[in-house]
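J.: Have a look at this one.
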Amino acid sequence: MTLAARVLGVGLVGPGLAGWREAREVLAGRAAYSPAATVIPPPDSLPATERRRAGKCVRLALAAGLAAAADAAIPARELAAVFASSTGDGENQHAICEVLASDDRAISPTRFHNSVHNAPAGYWGIATGAMMPTDSVAAFDATFGAGLVEALGRIAAEPARAVLLVAYDAPYPEPLQSARPVLDAFAVGLVLAAAGAGPAITVEIARRVASPMPDEALERVRRAIPSARSLPLLRLIAQGAQGRADLEYVDGLALTVTTQA
Amino acid sequence: MRPIRLGAYTMSSCLGRGLDAARAALRSAASGLAPCRFETVVLDTFVGEIAGVDGQGLPPALARFDCRNNRAAELGLAQDGFLDAVAATAARVGPARVGVFMGTSTAGILQTEQAYRRRGTAGELPPDFRYRTTHNTYSIAEYVRERLGLEGPCAAISTACSSSAKAFASAARLIEAGVIDAAVVGGVDTLCLTTLYGFNSLQLLSGEPCRPYDANRQGISIGEAAAFCLLERAGGSEGAMHLLGAGESCDAHHMSAPHPQGLGARLAMQSALDSAGLAPGAIDYVNLHGTGTPSNDAAEDQAVVGLLGEQVPVSSTKGMTGHTLGAAGAVEALIAVLAIEEGRIPGSPGTRTLDPALRARYEVAGRPAPLARAMTNSFGFGGSNCSLVFGRA
Numbered sequence: 017m018t019l020a021a022r023v024l025g026v027g028l029v030g031p032g033l034a035g036w037r038e039a040r041e042v043l044a045g046r047a048a049y050s051p052a053a054t055v056i057p058p059p060d061s062l063p064a065t066e067r068r069r070a071g072k073c074v075r076l077a078l079a080a081g082l083a084a085a086a087d088a089a090i091p092a093r094e095l096a097a098v099f100a101s102s103t104g105d106g107e108n109q110h111a112i113c114e115v116l117a118s119d120d121r122a123i124s125p126t127r128f129h130n131s132v133h134n135a136p137a138g139y140w141g142i143a144t145g146a147m148m149p150t151d152s153v154a155a156f157d158a159t160f161g162a163g164l165v166e167a168l169g170r171i172a173a174e175p176a177r178a179v180l181l182v183a184y185d186a187p188y189p190e191p192l193q194s195a196r197p198v199l200d201a202f203a204v205g206l207v208l209a210a211a212g213a214g215p216a217i218t219v220e221i222a223r224r225v226a227s228p229m230p231d232e233a234l235e236r237v238r239r240a241i242p243s244a245r246s247l248p249l250l251r252l253i254a255q256g257a258q259g260r261a262d263l264e265y266v267d268g269l270a271l272t273v274t275t276q277a
Numbered sequence: 004m005r006p007i008r009l010g011a012y013t014m015s016s017c018l019g020r021g022l023d024a025a026r027a028a029l030r031s032a033a034s035g036l037a038p039c040r041f042e043t044v045v046l047d048t049f050v051g052e053i054a055g056v057d058g059q060g061l062p063p064a065l066a067r068f069d070c071r072n073n074r075a076a077e078l079g080l081a082q083d084g085f086l087d088a089v090a091a092t093a094a095r096v097g098p099a100r101v102g103v104f105m106g107t108s109t110a111g112i113l114q115t116e117q118a119y120r121r122r123g124t125a126g127e128l129p130p131d132f133r134y135r136t137t138h139n140t141y142s143i144a145e146y147v148r149e150r151l152g153l154e155g156p157c158a159a160i161s162t163a164c165s166s167s168a169k170a171f172a173s174a175a176r177l178i179e180a181g182v183i184d185a186a187v188v189g190g191v192d193t194l195c196l197t198t199l200y201g202f203n204s205l206q207l208l209s210g211e212p213c214r215p216y217d218a219n220r221q222g223i224s225i226g227e228a229a230a231f232c233l234l235e236r237a238g239g240s241e242g243a244m245h246l247l248g249a250g251e252s253c254d255a256h257h258m259s260a261p262h263p264q265g266l267g268a269r270l271a272m273q274s275a276l277d278s279a280g281l282a283p284g285a286i287d288y289v290n291l292h293g294t295g296t297p298s299n300d301a302a303e304d305q306a307v308v309g310l311l312g313e314q315v316p317v318s319s320t321k322g323m324t325g326h327t328l329g330a331a332g333a334v335e336a337l338i339a340v341l342a343i344e345e346g347r348i349p350g351s352p353g354t355r356t357l358d359p360a361l362r363a364r365y366e367v368a369g370r371p372a373p374l375a376r377a378m379t380n381s382f383g384f385g386g387s388n389c390s391l392v393f394g395r396a
């Protein structure tokens, strides 16, 4: 069995990687990588009330998802969407746990509904009007891989429908950051479809070890943020040539991705 | 989609351990809800607690996973010969060809809630705190995969109260694509302070056992459960129970309130029928999401009546189990399956006076009825909707 798709669009928000247009040059080796703190664009697509309620993860996921849809020139509301995050919204979880450890335990209703792992999927629907199926998956450091398998499974089941995959992570505040260190915020959006203009990828599940990034600084990013485990695939797409990389997947496995321009 | 066979299944909830406890409760319309005495929680509400979770041990090699949620998983996996059934399938197709897709909303976050009460002078978490194998959303999926010795694809599905219904859909797609031959799917969600105080903050907790479809319904009763199903590629298994269809949608409306006309819910139900290749008249019973909040039941009623009409029997079984949140999809999938097997429409303990504004044919008492196909609905925060159809293929 082989899972396959074409990559119709890419969106990227990461440390020193402000958007796909710029990051593509870096990942293809045509420009140097300069590490810098991630800048998350504001969620202009949300209605004012929701914009005030949206946390960092929602803004991250929306930014990468909308950028990928725009890059693919497909209206966002026509896309099924798979959201993948290792940790979910850590700032929100921290705030809830602090209140629950206090005497009054009166957590905020907005914080509670934002605490669900699928909050970005919910806000995505509100922002775009998309009533298409959305998934929210997690698999610790293999979360990008799990999201990719989920998205490609959707395409295999329903080849006529393009699928947006958004993988994102943001750091916890302390004390959880010490228990689960995440370097900085990162989000990648990929619009995948059975056919269309864009590089073709095939994915096989194999007993392999994930490929590192050749650039040391980018390899640090790959290892320090779960959703940045996508970087070897993004590098292949940026290079625009035939290539192969092994992406981190669940314990003992890797996703062997082959690209054709 | 092509039908996917249910090779084995089991559920444990406040109704008891294993399928026989659930069957007995379905026959007598018993409720497992009781006043909340959980942990240090002080709330005037009822909960559905699995008896004996705290005393449940894990295999020593998996001690790092120890938390209430994984104890419930271990308790649940041990029922109904499920471990042996999975081992037999893994031996037949190979452990790398068996996936694991587990739904949960809060995994082992109770562990972190308790650790935050024991922070050190610099605010640090206690040294015995383990994050990956308890708090993290993936912990339940990783636990089940390791416990069962499986080596295939794995993910936690976390879409609030539709999580474990969507786990069936994810696994079915990969079986159909030929990526795997079988999958363990299910849901495990256990009581924690985040959900109890969270639903309280939204004023959605009922002060009495929940009363779905009742004119005086006031909200939900939270439950906990561990439900598992072994899905296998169909073939040579006529007469066995199958997943026939799955449909999903997003409300695109509000984070914690359903679309008032139930548009997203109706879209998911329609899509489940389409995927099963069935007309609305082919559904003999709908196990509703039916949480017992005024707005949820009203929205779902419009969706059900709009698509299936006023004649198809429906009921919510949350008066028996409570709302088991991320486990509800799998729990109610199995209740729909048991309803077909037993030839019985489940009743709705807690419901006394039907809301005259709701039009679906709600079955309060439960009764024998031959059922060929049943649909189950699961709707969650973020407008995440999933409907599944089960029957004999």
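Protein chains in written order, with the working numbering: chain A, 17 to 277; chain B, 4 to 396.
Think of the CB as a built atom: it goes at the ideal place given N, C-alpha and C, for glycine as much as any other residue.
If you're wondering where the values come from, they're calculated on a predicted model, not measured in any experiment.
Quick check: the Cα distance between Val225/A and Leu269/A, rounded to an integer number of angstroms?
T.: Within the first sequence, numbered from 1, the residue matching residue 225/A stands at position 209. Within the first sequence, numbered from 1, the residue matching residue 269/A stands at position 253. Cα to Cα, Val225/A sits roughly 7 angstroms from Leu269/A.
J.: Tell me the DSSP secondary structure of Val42/A in three-state form.
T.: Translated into the one-based positions of the first sequence, residue 42/A becomes position 26. The answer is helix: DSSP assigns Val42/A an H, G or I state.
J.: Tell me which residues of the segment 151-170 of chain B have at least one Cβ-Cβ distance to chain A shorter than 7 angstroms, keeping chain order.
T.: Of all residues in the segment 151-170 of chain B, Glu154, Pro156, Cys157, Ala158, Ala159, Ile160, Ser161, Thr162, Ala163 and Lys169 have a Cβ within less than 7 angstroms of some Cβ in chain A.
J.: In whole angstroms, give me the CA-to-CA distance for Gly145/A and Ala92/A.
T.: Locating residue 145/A in the first sequence gives position 129, counting from the first residue. Locating residue 92/A in the first sequence gives position 76, counting from the first residue. Those two C-alpha atoms are separated by around 8 angstroms.
J.: Residue range of the beta strand (DSSP E) that His245/B falls in?
T.: Taking the first residue of the second sequence as position 1, residue 245/B is located at position 242. His245/B -> beta strand (DSSP E) spans Met244 to Cys253.
J.: Excluding sequence positions up to five away, which residues of its chain have a Cβ less than 7 angstroms from the Cβ of Ala70/A?
T.: Your numbering for residue 70/A matches position 54 in the first sequence. Only Pro59, Leu62 and Tyr139 meet the Cβ criterion.
J.: Within 10 angstroms of the Cβ of Pro6/B, are there 16 or more other Cβ atoms? Answer buried if so, exposed if not.
T.: Along the second sequence, one-based indexing puts residue 6/B at 3. Flag for Pro6/B reads buried.
J.: Quick check for students: name the residue ranges of the alpha helix (DSSP H) that lie wholly in the segment 79-130 of chain B, counting only runs of 4 or more.
T.: The segment 79-130 of chain B contains these whole alpha helix (DSSP H) runs: 85-96 and 112-118.
J.: What are the boundary residues of the beta strand (DSSP E) that Arg30/B is part of?
T.: Translated into positions along the second sequence, residue 30/B becomes position 27. Where Arg30/B is concerned, there is no enclosing beta strand (DSSP E), although the alpha helix (DSSP H) it sits in stretches over Gly21 to Ser31.
J.: Looking at chain B, which residues of the segment 164-189 of chain A have a Cβ within less than 7 angstroms of any of its Cβ atoms?
T.: So the list reads Val165, Glu166, Gly169, Arg170, Ala172 and Ala173, given in the order they occur along the chain.
J.: Which residues in chain B have a C-beta closer than 8 angstroms to the C-beta of Arg196/A? List them in chain order.
T.: Position 180 of the first sequence, counted from the start, is the residue given in the question as residue 196/A. Those are Tyr134, Arg135 and Asn139, listed as they occur along chain B.
J.: Using 8 angstroms as the threshold, is the segment 103-116 of chain A in touch with the segment 184-195 of chain A, meaning 3 or more CB pairs across them?
T.: Taking 8 angstroms as the limit for Cβ pairs, the verdict is that the segment 184-195 of chain A does touch the segment 103-116 of chain A.
J.: Using a Cβ-Cβ cutoff of 9 angstroms, what residues of the segment 30-64 of chain A are near chain B? List them in chain order.
T.: The residues in question: there are none.
J.: Which partner residues of Arg209/A appear in the DSSP bridge assignment?
T.: Here residue 209/A is taken as the residue at index 193 of the first sequence, counted from 1. Rather than Arg, the amino acid found at residue 209/A in this sequence is Ala. Answer is Arg22/A, bridged to Ala209/A.
J.: Which residues bound the beta strand (DSSP E) around Asp151/A?
T.: As a first step, residue 151/A must be located in the first sequence, where it is residue number 135. Taken as a continuous stretch (DSSP letters only), the beta strand (DSSP E) holding Asp151/A covers Thr150 to Ala154.
J.: With a threshold of 9 angstroms between beta carbons, is Phe68/B in contact with chain A?
T.: Working through the second sequence from its first residue, we reach residue 68/B at position 65. Chain A contact via Cβ: absent.
J.: Return the CA-CA distance between Thr162/B and Asp151/A, expressed in angstroms with no decimal places.
T.: By 1-based counting over the second sequence, the position of residue 162/B is 159. By 1-based counting over the first sequence, the position of residue 151/A is 135. Computed Cα separation, rounded: 7 angstroms.
J.: Quick one: does Arg236/B have its CB under 9 angstroms from some CB of chain A?
T.: As a position in the second sequence, residue 236/B is number 233, starting the count at 1. False, the Cβ-Cβ gap to chain A never drops below 9 angstroms.
J.: Are the C-beta atoms of Ala233/A and some chain B residue less than 9 angstroms apart?
T.: The residue you call residue 233/A lines up with position 217 of the first sequence. Chain B, which has no Cβ nearer than 9 angstroms to the Cβ of Ala233/A, makes this no.
J.: I want to verify the contact list: residues of chain A whose CB lies under 7 angstroms from the CB of Arg120/B, in sequence order.
T.: Your numbering for residue 120/B matches position 117 in the second sequence. Simply Ala117.
J.: Can you pull the chain A residues whose beta carbon is under 9 angstroms from the beta carbon of Tyr200/B, in chain order?
T.: Within the second sequence, numbered from 1, the residue matching residue 200/B stands at position 197. Near Tyr200/B (Cβ distances below 9 angstroms), the residues of chain A are Ile112, Val115, Leu116, Arg121, Ala122, Ile123 and Phe128.
J.: In the DSSP output, which residue or residues are listed as bridge partners for Cys232/B?
T.: Residue numbering aside, residue 232/B sits at position 229 when the second sequence is read from its first letter. Tyr12/B and Val188/B.
J.: Which residue spans inside the segment 62-134 of chain A form an unbroken beta strand (DSSP E) run of at least 3?
T.: Listed in chain order, they are 96-100.
J.: For Pro175/A, count neighbouring Cβ atoms within 10 angstroms of its own Cβ and tell me buried if that reaches 16, exposed if not.
T.: For the purposes of this step, residue 175/A is taken as the residue at position 159 of the first sequence. Burial call: exposed.
J.: Does DSSP classify Thr275/A as helix, strand or coil?
T.: As a working mapping, residue 275/A is identified with position 259 in the first sequence. If DSSP states are grouped into helix, strand and coil, Thr275/A belongs with the strands.
J.: Pull up the distance between the alpha-carbon of Asp358/B and that of Gly19/B, whole angstroms please.
T.: Residue numbering aside, residue 358/B sits at position 355 when the second sequence is read from its first letter. Residue numbering aside, residue 19/B sits at position 16 when the second sequence is read from its first letter. Whole-angstrom Cα-Cα distance: 30 angstroms.
J.: Is any beta-carbon of chain A found at less than 9 angstroms from that of Phe41/B?
T.: The sequence position of residue 41/B within the second sequence is 38, counting from 1. Not an interface residue.
J.: Run down chain B in chain order and give the residues with a C-beta less than 8 angstroms from the C-beta of Met148/A.
T.: Translated into the one-based positions of the first sequence, residue 148/A becomes position 132. Result: Ser252 and Cys253.
J.: So, with DSSP's three-state summary, where would you put Thr379/B?
T.: On the second sequence, position 376 is the one that residue 379/B refers to. Note: Thr379/B maps to strand in three-state DSSP.
J.: In the DSSP assignment, find the beta strand (DSSP E) that holds Val219/A and state where it starts and stops.
T.: Locating residue 219/A in the first sequence gives position 203, where the first residue counts as 1. Val219/A -> beta strand (DSSP E) spans Ala216 to Ala222.
J.: Would Gly102/B be called buried (16 or more neighbouring beta carbons within 10 Å of its own) or exposed?
T.: Counting from one through the second sequence, the residue named residue 102/B turns up at place 99. It counts as buried.
J.: Taking 8 angstroms as the cut-off, is the C-beta of Gly79/B nearer than that to any heavy atom in the ligand COA?
T.: The ligand COA is absent from the structure shown, which contains no ligands of any kind.
J.: Restricting to Cα atoms, I'd like to know which of Arg46/A, Ala53/A and His133/A is closest to Ala154/A.
T.: Numbered from its first residue, the first sequence carries residue 154/A at position 138. Out of Arg46/A, Ala53/A and His133/A, His133/A has the C-alpha closest to the C-alpha of Ala154/A.
J.: Within the same chain, show all residues whose beta-carbon is closer than 7 angstroms to that of Ala167/A, passing over the 5 residues directly before and after it, in chain order.
T.: The residue labelled residue 167/A in the question sits at position 151 within the first sequence. Correct list, in chain order: Val98, Val179, Leu181 and Leu208.
J.: Roughly how many angstroms separate the alpha carbons of Gly10/B and Ala279/B, rounded to a whole number?
T.: Your numbering for residue 10/B matches position 7 in the second sequence. Your numbering for residue 279/B matches position 276 in the second sequence. Straight-line Cα distance between these residues: approximately 19 angstroms.
J.: Can you find a CB in chain B that lies within less than 9 angstroms of the CB of Ala154/A?
T.: Within the first sequence, residue 154/A is the residue found at index 138, counting from 1. Closer than 9 angstroms: yes.
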